[in-house]
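*Asks:*
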């Protein structure tokens, strides 16, 4: 059976790559996009039931492909293949029969919905499964809801047919992006790290940061930003880089929960870092109907500000605890690392050039970047190893196995979107959120932030964003928030669910590697990632951090914000030029938050900026005076 599973996984990846490369059309095969999706689902559904046991979401179990497969999984795999293949073949006809709802369409649609639900439970967990089921049931009783939440009465047969055969539900934008762009980037990422990219980026981070105080934490921050942007998974990022960085941090004196928190927050930030942003950027571009480059450009300054804060906090924490850098024999030489892997940045040059200068489609840019990885690996290798056909086969197989949960999440997102649009409840939920806030923007933002964190618990980045873009973003846009700012806001707070207790899957994964208490790690991660809880509010009230406005104002706001980050970090970490505590920490934090406010955020923000600047200067002058006094006292004591 392992042969069948491997063949399905490879076929799934190759099918997506062929579609992304437009090979299907070049060979004279003309298909609707929905037919192509149906064909890919016909591979993905059997793959779930054959590779993931009924015990649930367990990646290790999914890897054990030689397990004894029970009869019901074999039956589900066969049924999933047959129903999805029927969808691919009959879509042009049955999609036009929405009013008549022929029996074969109802049977195939019902089978697919049931199989999608079970496959979703196995791969993505119970939380998103309950969300999908909940919205399905909500539509059926929507006409019984009170007041403005009332929806129109919908029959279960009509709803089932619509969700499967209509192009705006399961076969809609979410699944279209996942079955083209997302898989292409997952393939690119797997290929990059199979060829040694993971080791190169970790080594170059060690070479650049290892000799400074707090070096291991800075290594984790840098390496996680490299890997996180293309991984699409906080947990995958934590596991990949954390196995190296967490032991390094502990060895140099970082407390286990702090070491785990640094890795968790850094890996979460990778989902917010252009150019790829954990694949959410492409979904955002689709939702907003804007070029991908616009999303990546808008995300740049907030991401840089976030990682700048992490570097500053790692440095201040190391100073506060008097932690030493790595030993010289533990630090690889930058020249040797670059000599061995200088070619690894080239695929990113191709990627960025293709996306921003040549205006290629994202999947095309990803394929060209993957081709560059293969070419450079064959030509130069890394530490004596070059990619071979066996490695390429493993990448194709692992990509197919690694994306099956995303296929199921795409189907779940289609169910939610389809239910809301078909019943009219989407508009009702938007009005309910606005009404709950009393029409006050700040109240709505706070409600939305809490809702994003709760709804995002236990879900991967792609699933978090799709769900929030459907449920929360419309309410923000209804309150006249810029659509780009609204979607960035929900993405940030959705990602924060990865490090926010009680369900912080990123922090818990890092805690497991560090041997730390999961809940303590979660709260430590919230402390270390404090800036991410503030930045989304900033770009809602002012567009300068999203690259909107005059260049001069954008530069000024960004520089002042960086100064604010330093003061805020000093207050949070309890160290400036020396240890500080109590009232001083509050003053530093107040100065930092005041400086973080963009100049044109609201009427008095400039005065708040000015007050923060005066307070910051006063604090620094006092620090200098105290430091001189302590130095004089120490010199007097020596005499």
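Residue numbers (the numbering used here): 405 to 1043.
Here a beta-carbon is modelled for each residue, glycine too, at the ideal position from N, C-alpha and C.
Helix or strand or just coil, what does DSSP make of residue 504?
*Replies:* Correct three-state label for residue 504: coil.
*Asks:* First and last residue of the alpha helix (DSSP H) that includes residue 655?
*Replies:* Residue 655 -> alpha helix (DSSP H) spans 638 to 655.
*Asks:* Between 902, 427 and 1017, which has its C-alpha nearest residue 665's C-alpha?
*Replies:* If we check each option's Cα against that of residue 665, 902 comes out closest.
*Asks:* Could you check whether residue 744 and residue 786 sit closer than 7 Å to each other, using their CB atoms as the reference points?
*Replies:* Closer than 7 Å, so yes.
*Asks:* Do you know offhand how far residue 859's Cα is from residue 883's?
*Replies:* C-alpha separation (whole angstroms): 21 Å.
*Asks:* Measuring CA to CA, which of 678, 610 and 797 is closest to residue 756?
*Replies:* Ranking 678, 610 and 797 by Cα distance to residue 756 puts 678 first.
*Asks:* Sorted by chain position, which residues of the same chain lie with C-beta nearer than 6 Å to residue 466's C-beta, five sequence neighbours on each side aside?
*Replies:* With a pLDDT of 43 at residue 466, under the threshold of 50, the predicted position of this residue should be treated as unreliable, and no value is reported.
*Asks:* So residue 717 is in the alpha helix (DSSP H); what residue range does that whole segment cover?
*Replies:* Looking at the DSSP string, the run of the alpha helix (DSSP H) that includes residue 717 is 696 to 725.
*Asks:* Which ranges does the alpha helix (DSSP H) cover as unbroken runs of at least 4 residues, wholly within the stretch 854 to 929, from first to last along the chain?
*Replies:* Listed in chain order, they are 865 to 875, 877 to 882, 887 to 900 and 909 to 918.
*Asks:* Ignore the nearest five residues each way along the sequence and tell me which others in residue 769's own chain have a CB closer than 6 Å to its CB.
*Replies:* These residues qualify, in order along the chain: 755, 758 and 759.
*Asks:* Can you tell me where the alpha helix (DSSP H) with residue 798 in it begins and where it stops?
*Replies:* Segment 793 to 806, the alpha helix (DSSP H) holding residue 798.
*Asks:* Nearest CA to the CA of residue 609: which residue from 730, 938, 1018 and 481?
*Replies:* Of the listed residues, the one whose Cα sits closest to residue 609 is 730.
*Asks:* Cutting at 6 Å between CB atoms, please list the residues of its own chain near residue 776, excluding the five before and the five after it.
*Replies:* Hits under 6 Å: 750, 751 and 754.
*Asks:* What's the gap between the Cα of residue 871 and the Cα of residue 817?
*Replies:* Their Cα atoms are separated by approximately 6 Å.
*Asks:* Kindly indicate which three-state DSSP category residue 760 falls into: helix, strand or coil?
*Replies:* Helix at residue 760.
*Asks:* Quick one: what does DSSP say residue 983 is sitting in, helix, strand or coil?
*Replies:* In this structure, residue 983 counts as strand in the three-state DSSP scheme.
*Asks:* Buried or exposed: residue 474, going by 16 or more other Cβ atoms within 10 Å of its Cβ?
*Replies:* Result: exposed.
*Asks:* Excluding the 5 residues flanking residue 566 on each side, which residues of the same chain have their C-beta closer than 8 Å to its C-beta?
*Replies:* Taken in chain order, the residues that qualify are 502, 573, 822 and 826.
*Asks:* Would residue 492 and residue 413 be called neighbours here (beta carbons separated by less than 7 Å)?
*Replies:* Not in contact: residue 492 and residue 413 (Cβ atoms no closer than 7 Å).
*Asks:* When burial is assigned at 16 or more other CB atoms within 10 Å of the CB, is residue 695 buried or exposed?
*Replies:* Answer is exposed; the Cβ neighbour count stays below 16.
*Asks:* DSSP puts residue 789 in a beta bridge; with which residues?
*Replies:* According to DSSP, residue 789 bridges with 786.
*Asks:* With the cut-off set at 7 Å, would you say residue 969 and residue 628 are in Cβ contact?
*Replies:* Contact: no.
*Asks:* Roughly how many angstroms separate the alpha carbons of residue 345 and residue 809, rounded to a whole number?
*Replies:* Lying before the first or after the last residue shown, residue 345 is absent from the chain, which here runs from 405 to 1043.
*Asks:* Could you pull out every residue in the same chain whose Cβ sits closer than 7 Å to the Cβ of residue 639, ignoring the five residues on either side in sequence?
*Replies:* Excluding residues within five positions, the ones whose Cβ falls inside 7 Å are 909, 910 and 913.
*Asks:* Specify, as a first and last residue, the run of the alpha helix (DSSP H) that residue 561 falls within.
*Replies:* Residues 560 to 569.
*Asks:* By DSSP, does residue 677 sit in helix, in strand, or in coil?
*Replies:* Residue state, collapsed to three classes: coil.
*Asks:* What residues in its chain sit with their C-beta under 6 Å from that of residue 516, if we drop five residues either side in the sequence?
*Replies:* So the list reads 487 and 568, once near-sequence residues are dropped.
*Asks:* In terms of alpha-carbon separation, which member of 424, 406, 432 and 494 lies closest to residue 453?
*Replies:* Here the closest residue by C-alpha is 406.
*Asks:* If you count every other CB in all the chains shown that lies within 10 Å of the CB of residue 550, and 16 or more means buried, which is it?
*Replies:* Classification of residue 550: exposed, given that the 10 Å Cβ count is below 16.
*Asks:* Look at residue 962 and residue 705 and say whether their C-beta atoms are less than 7 Å apart.
*Replies:* Result yes, Cβ atoms of residue 962 and residue 705 sit closer than 7 Å.
*Asks:* Scan the stretch 503 to 546 and note each continuous alpha helix (DSSP H) run of 4 residues or more that stays entirely inside, going in chain order.
*Replies:* Listed in chain order, the complete alpha helix (DSSP H) runs (minimum 4 residues) inside the stretch 503 to 546 are 507 to 528 and 530 to 544.
*Asks:* So which of 959, 721 and 1013 has the shortest CA-CA distance to residue 932?
*Replies:* With distances taken between Cα atoms, residue 932 lies closest to 721.
*Asks:* Which residue marks the beginning of the alpha helix (DSSP H) containing residue 963, and which one marks its end?
*Replies:* Residues 955 to 977.
*Asks:* Confirm, please, whether the CB-CB distance from residue 888 to residue 905 is below 7 Å.
*Replies:* Cβ distance not < 7 Å, so residue 905 and residue 888 don't count as in contact.
*Asks:* Please report the Cβ distance between residue 929 and residue 660, rounded to the nearest whole angstrom; I am assuming they are in contact, meaning their Cβ atoms lie under 8 Å.
*Replies:* That pair is no contact at about 13 Å.
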